[in-house]
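Undergrad: Sequential numbering from 0 applies to the sequence shown in numbering that gives the first Met the number 0.
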Amino acid sequence: MKKGFFSWGILLSVCLIIVTGCQKQNDVIADVNKFENESIASIIQNPNTSFTVKGGTGSTVSSRASAGRQVKFTYLAVALARTGLTSTLSTLSSNYTLFAPTDDAFRAAGFKTIQDVVKAPKEVLTPILLYHVLGAKVLAAQVPAGPNAAVETLNGADAFVTSNNNGVFINGSPVIVADVKAANGVIHVIDNVLMPPVGNIVTTAIASDPEFTFLVAAVLRASQGTTNVAALLSGDGPLTVFAPVNQAFIDAGFNSIADITNADPEDLTPILAYHVVPGRVFSSDLTNNMTVTMFAGGDTKITLNSGAKILGEGNGMDAHNIIKTNIVTTNGVIHVIDGVLLP
0 MKKGFFSWGI LLSVCLIIVT GCQKQNDVIA DVNKFENESI ASIIQNPNTS FTVKGGTGST
60 VSSRASAGRQ VKFTYLAVAL ARTGLTSTLS TLSSNYTLFA PTDDAFRAAG FKTIQDVVKA
120 PKEVLTPILL YHVLGAKVLA AQVPAGPNAA VETLNGADAF VTSNNNGVFI NGSPVIVADV
180 KAANGVIHVI DNVLMPPVGN IVTTAIASDP EFTFLVAAVL RASQGTTNVA ALLSGDGPLT
240 VFAPVNQAFI DAGFNSIADI TNADPEDLTP ILAYHVVPGR VFSSDLTNNM TVTMFAGGDT
300 KITLNSGAKI LGEGNGMDAH NIIKTNIVTT NGVIHVIDGV LLP
């Protein structure tokens, strides 16, 4: 088994447990495990393959699948064929674990039609698919408790898994159907397409331009002061950043990039540091009314009752929405928020 299964994730300074509302792992199983004589590839390629989600995962931050929903793999089958990975997952001489995104997961990731998958460049699609495969058979009961234990994928990059009585998660995404046993391994169904890291927190934010133009400008301006914020966010980490979008800065009074570049770096630094948490915190680690201690000191509060929100101590009652989660970087995680947190 790969060494990643014995390397534990960084323990956070706050108590991190799985999102409430999920059912126990033994409630999330395939309809009938009747595929043990078939390869992983043949199971996915079969147009009649579908599973019913048994456990209710709709209350998690990142899940689209609800109990009783039928999930299929038409997009994944085409993607495997497009990249030539069908051959790999047909091999019976090796064992694999496939975290299989559903059709809805592909659509949510921007592949609106099958043609979008067909047209996707192989050099883009292949590393994404490889990031969903482990080079060993790992049943749900064998997934490390973590939280967020590193496991090496066929992509070469680590993914991060957690297992407890509430379920199994990979990069914050819940396994909605577990332990579909195949002749050459096992399939776990997930409702998100996992995106491999493309760089550290800073380079990922720059690559996401124009969504984070103001944030990048703020980091660069703050780094001209006594603290090199850019170096901190580019370091080994791991760190989690709640990243405000451009409109969030505008709403906070920075009407243009010029307003940011003219700001005092010593004023920007504590605000930016108040958006950073030590360690990897995925959406699956967030619980309702959870208190999160920030890198700058001071706490924020997470609420999940009416959508995922985060509240800064200086924001009064104005909690901000967590609008996108679990952007994995080489040194941590980014979650996107629609407001600036004030310490």
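The C-beta atom is built at its ideal place from N, Cα and C for all residues, glycine as well.
Run through DSSP, which three-state label would S172 get?
TA: Reduced to three states, the DSSP call for S172 is strand.
Undergrad: Give me, in chain order, the residues of the same chain whose beta-carbon lies closer than 7 Å to that of V228; leave out the 5 immediate sequence neighbours on both sides.
TA: Counting only Cβ-Cβ distances below 7 Å, and skipping sequence neighbours, we find V218, A221, S222, T268, L271.
Undergrad: If you draw a straight line from the alpha carbon of C21 to that of G306, how long is it in whole angstroms?
TA: For C21, the predicted structure reports a pLDDT of 32, less than 50, and the residue's modelled location is therefore unreliable. The matter cannot be settled from this model.
Undergrad: Within 10 Å of its beta-carbon, does C14 have 16 or more other beta-carbons around it, so buried, or fewer, so exposed?
TA: Only weak support is given to the placement of C14: the predicted model assigns it a pLDDT of 28, under 50, and the question is left unresolved by the model.
Undergrad: Buried or exposed: where does P209 fall if 16 or more other Cβ atoms within 10 Å of its Cβ makes it buried?
TA: Classification of P209: exposed, given that the 10 Å Cβ count is below 16.
Undergrad: Would you say I301 and I336 are within 8 Å of each other, going by their C-beta atoms?
TA: Not a contact, by the Cβ cut-off of 8 Å.
Undergrad: For E35, which of A108, F110, N183 has the nearest alpha-carbon?
TA: The shortest C-alpha separation from E35 is found at N183.
Undergrad: Hey, out of G313, G296, T239, whose CA is closest to N199's CA?
TA: N199 has its Cα closest to that of T239, out of G313, G296, T239.
Undergrad: Can you give the beta carbon distance from L153 to L129, rounded, assuming they're within the 8 Å contact cut?
TA: Confirmed, Cβ separation roughly 4 Å.
Undergrad: Which runs of the beta strand (DSSP E) at least 3 residues long sit entirely within the region 264-302? Give them in chain order.
TA: Segments of the beta strand (DSSP E) lying fully in the region 264-302: 275-277, 289-292, 298-302.
Undergrad: Assess contact between the region 286-297 and the region 314-330, defined as three or more Cβ pairs (one per stretch) separated by less than 8 Å. Is contact present?
TA: At 8 Å Cβ cutoff, the stretches do not touch.
Undergrad: Tell me the DSSP bridge mates of D157?
TA: In the DSSP output, where bridge partners are listed per residue, D157 has E151.
Undergrad: Should the region 245-252 be called in touch with the region 114-133, which here means at least 3 C-beta pairs below 8 Å?
TA: With a cut-off of 8 Å, the region 114-133 and the region 245-252 do not count as touching, because too few Cβ pairs lie within range.
Undergrad: Please tell me whether A242 and A204 are closer than 8 Å, where the distance is taken between their beta carbons.
TA: Yes, these two residues count as a Cβ contact at 8 Å.
Undergrad: Per DSSP, S38 is paired with what?
TA: Its beta-bridge partners do not exist; DSSP assigns none.
Undergrad: Starting from V77, trace the alpha helix (DSSP H) in both directions and tell me its first and last residue.
TA: Residues 73-82.
Undergrad: Among L214, K136, D298, N94, which residue has its Cα nearest to the Cα of D258?
TA: The residue with the shortest Cα to Cα distance from D258 is L214.
Undergrad: Given a threshold of 16 other Cβ atoms within 10 Å of its Cβ, counted over all protein chains shown, does T101 qualify as buried or as exposed?
TA: Buried is the call here.
Undergrad: Using C-beta distances below 7 Å, list every residue in its chain close to S38, excluding the 5 sequence neighbours before and after it, in chain order.
TA: Excluding positions up to five away in sequence, the list reads L88, S89, L91, A181, A182, N183.
Undergrad: Span of the alpha helix (DSSP H) holding A242?
TA: No alpha helix (DSSP H) holds A242; the beta strand (DSSP E) holding it covers 238-243.
Undergrad: Leaving aside the five residues before and after A262 along the sequence, list all residues of the same chain whose C-beta is less than 7 Å from its C-beta, in chain order.
TA: So the qualifying residues of the chain are R220.
Undergrad: Enumerate in chain order the residues of its own chain whose CB-to-CB distance from E265 is below 6 Å, with the five nearest sequence positions on each side excluded.
TA: These residues qualify, in order along the chain: G224.
Undergrad: Mind checking which residues open and close the beta strand (DSSP E) that includes K308?
TA: Per DSSP, K308 belongs to the beta strand (DSSP E) from 308-311.
Undergrad: Taking the alpha carbon of T299 as the point to measure from, which residue in I322, N325, V339 has its own alpha carbon closest?
TA: Ranking the options by Cα distance to T299, first place goes to V339.
Undergrad: Starting from A99, follow the beta strand (DSSP E) in both directions and report where the run begins and ends.
TA: 95-100 is the extent of the beta strand (DSSP E) around A99.
Undergrad: Could you tell me if P237 is buried or exposed, where buried requires 16 or more neighbouring beta carbons within 10 angstroms of its beta carbon?
TA: With 16 or more other Cβ atoms within 10 Å, it is buried.
Undergrad: For N304, is the classification buried or exposed, using 16 other Cβ atoms within 10 angstroms of its Cβ as the cut-off for buried?
TA: So N304 ends up on the exposed side.
Undergrad: Give me the residue from N170, I256, T202 with the minimum Cα distance to G234.
TA: The residue with the shortest Cα to Cα distance from G234 is T202.
Undergrad: Assuming T96 contacts V137 (C-beta within less than 8 Å), just tell me the rounded distance between them.
TA: About 5 Å separates the two Cβ atoms, so the contact holds.
Undergrad: For a quick check, are the C-beta atoms of G171 and N325 less than 8 Å apart?
TA: Closer than 8 Å, so yes.
Undergrad: How many Å lie between V160 and I186 at the Cα?
TA: Taking the straight line from one Cα to the other gives about 15 Å.
Undergrad: Considering only their Cβ atoms, is the gap separating T85 from I113 smaller than 8 Å?
TA: No, these two residues do not count as a Cβ contact at 8 Å.
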